[in-house]
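Following: one structure in structure tokens, then a few remarks.
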């Protein structure tokens, strides 16, 4: 496990990486070579002490991030504020926010130091987050065969899809929106539907067709709830449960109930 220690004196600060797991309990550090030393003579000593405070926190809480602790923990709150400031600084540099040449040079040195640390909690830029959400949506489509993500889908994907549809209305009206022509084209390439009202029947028919295939392959329609990580099978099992619940509260249309009856579905598992 890699760790970091600061060697400080009145002249400069240096950051020395070394392996704790391979070091004796009371060993002295090997002399650093130019390849593993970051000289920080121009960096603010206070900022370096904040880095050290963050590293100390992570050493004591390797699986925890500050905002997961009790709000009364002043140390954790102080570190969290500092982390946000470093993320803001990094975003300024990436987005070309106007800074003086001196500030740019100093900021780059700070970011280089933090990027040399293991798993520093950088936040995603808007572009990176958009790409991450798109990849999650693309995976959902492959598993479920459609883009009609439930609002309560774990991970916030449902909320992301809802925002897309709201922004699309602004896009069509030529109002300010985060959607671009490129993003619209990308979403439509995976079959994204900007209005879900027209496709509800198609979605049901699609699931019913998948259930028919399942019955033809396995000889029954009883989709197991434990699917050993098979996401498409999990989605089908959840859909079957939803049909039983809809039938129970009389929310299932007669036409759909007839279709399910035709393949021998049992509405109660007690029978």
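Numbering (our numbering), first residue to last: 5 to 275.
Using N, Cα and C, we set each Cβ at its ideal position, and we do this for glycine too.
Asked	Found
Under 8 angstroms between C-beta atoms of residue 181 and residue 174	yes
Opening and closing residue of the alpha helix (DSSP H) in which residue 184 lies	First-last for residue 184: undefined, no H or E at that position.
Alpha-carbon to alpha-carbon, residue 82 and residue 96	21 angstroms
Sequence-distant residues of its chain with Cβ nearer than 7 angstroms to residue 149 (five each side left out)	210
Residue 101 classed as buried or exposed, judged by whether at least 16 other C-beta atoms fall within 10 angstroms	exposed
Spatial distance of residue 243 from residue 237 (CA atoms)	10 angstroms
Inter-residue Cα distance where the pair is residue 229 and residue 194	28 angstroms
Whether residue 212 touches residue 151 by CB criterion (8 angstroms)	no
Inter-residue Cα distance where the pair is residue 262 and residue 251	11 angstroms
Reduced DSSP category for residue 155 - H, G, I as helix; E, B as strand; rest coil	coil
Proximal residues to residue 144 (C-beta, below 8 angstroms), its chain only, five neighbours per side dropped	151, 153, 157 and 161
Where residue 43 sits in the DSSP three-state scheme	Per-residue confidence for residue 43 stands at a pLDDT of 45, beneath the threshold of 50, marking its modelled position as unreliable; the derived number appears in the next sentence. In the structure shown, residue 43 sits in a strand (DSSP, three-state: E or B).
Local Cβ density within 10 Å of residue 94, reported as buried at 16 or more and exposed below that	buried
Distance cut-off 7 angstroms: residue 240 Cβ against heavy atoms of the ligand ATP	The ligand ATP is not part of the structure shown, which contains no ligands of any sort.
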